Every structure is written in structure tokens, then in C-alpha cells.
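Notes for the one structure printed next.
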Amino acid sequence: MAAAGGEDFSASSLTLSHQDMEVISVLRHGPPEIKLVRNPATGDTFALKSIPINVGLSEKGKQEIYTRIVQCFDSAHPNIATYFGTSFDACSCHIGIEYMNAGSLADLYRVAESGTER
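Take the sequence shown: its position 16, counted from the start at 1, is 42 in our numbering, and no numbers get skipped.
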């Protein structure tokens with residue numbers, strides 16, 4: 027994990043934190059808050075999910091959270107959202123993942139149950 031809890035938010039070797047991202051729009055007001063953001067270094071856009079954590083969480087605690095997040099997203103498959111990285115600040119964990127604009131999983135279930143397509 028990079029200094030200050032930052033991890034690469036792109037395929038480049040440049041390490042950025044959530045604070046370096048340009049906010050395009052807020053997709054969901056939290057918690058967790060989800061924003062559509064742009065990496066100014068690469069122009070890549072992705073969803074940034076900000077999850078509140080305990081204030082004063084130790085570096086060991088942050089490392090455990092980071093490890094579990096990576097395990098969840100450590101897969102290269104066309105049906106799994108691409109993981110871009112994780113960053114921490116004093117009170118939140120910020121996860122960069124591929125932006126999927128087809129709606130929520132709940133929306134997909136409703137469509138499947140009704141037998142119609144969007």
C-alpha cells in the first residue's frame with residue numbers, strides 16, 4: 027500500500043489519492059457516498075465509493091480493510107467491475123471501481139422478473 031493509504035487509481039504508475047480526482051457528479055449521497063470521478067493524469071473515469079470508517083483506525087486496521095477489498099476485486103473477468111485502487115483518510119475508505127451505468131443489481135432483478143428488457 028502506498029504512503030497515506032493511497033493506491034493506484036489507474037493503470038499508470040502514478041499514485042493518486044481520492045483528493046486528486048475531479049468530481050463529475052454525485053451518483054449517490056451516502057453513506058456510502060458514490061461519485062463519478064475523473065483521474066486528471068489519465069482522463070479515466072470511474073466510480074469512487076466513500077465508506078465511513080472508525081476515526082483513529084490504526085494502520086494495521088487500514089491494511090486489513092485494504093487486503094480484503096483487494097481480495098474481493100482481485101479478478102479479471104468481463105462480468106466483474108474493474109478495481110482501480112483504495113485510498114484512506116482520517117474517517118473514510120475510498121474505493122475506485124469501474125463505473126457501470128446500466129443501473130443497480132436490484133434494477134436487473136426487476137427486469138428479469140418482469141420478463142422485459144430495458
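Ideal placement from N, C-alpha and C gives every residue a C-beta, glycine not left out. Only a predicted model underlies this, so the values are computations on that prediction, with no experimental measurement involved.
Collapsed DSSP secondary structure at residue i in the structure displayed
i    : result
A28  : Caution is warranted here: a pLDDT of 34 is assigned to A28, below 50, making its placement in the model unreliable, and no coordinate value can be reported.
S43  : coil
Y125 : coil
Boundaries of the alpha helix (DSSP H) in which residue i is found, first to last residue
i    : result
L131 : L131 to S140
Closer than 8 Å: residue i CB and nearest the ligand MG heavy atom
i   : result
V63 : The ligand MG is not part of the structure shown, which contains no ligands of any sort.
Selected residue, minimal CA-CA separation from residue i, among the options
i   : options                : result
D70 : I106, T112 and Y125    : Y125
Y92 : P57, G122 and P58      : G122
I60 : P66, S51 and A67       : S51
F72 : P78, L53, N80 and S140 : L53
Exercise for the section: Could you name each continuous beta strand (DSSP E) segment of 3 residues or more that falls completely within the stretch 35-119, going from the start of the chain to the end? Expected result: 48-54, 59-64, 71-78 and 109-114
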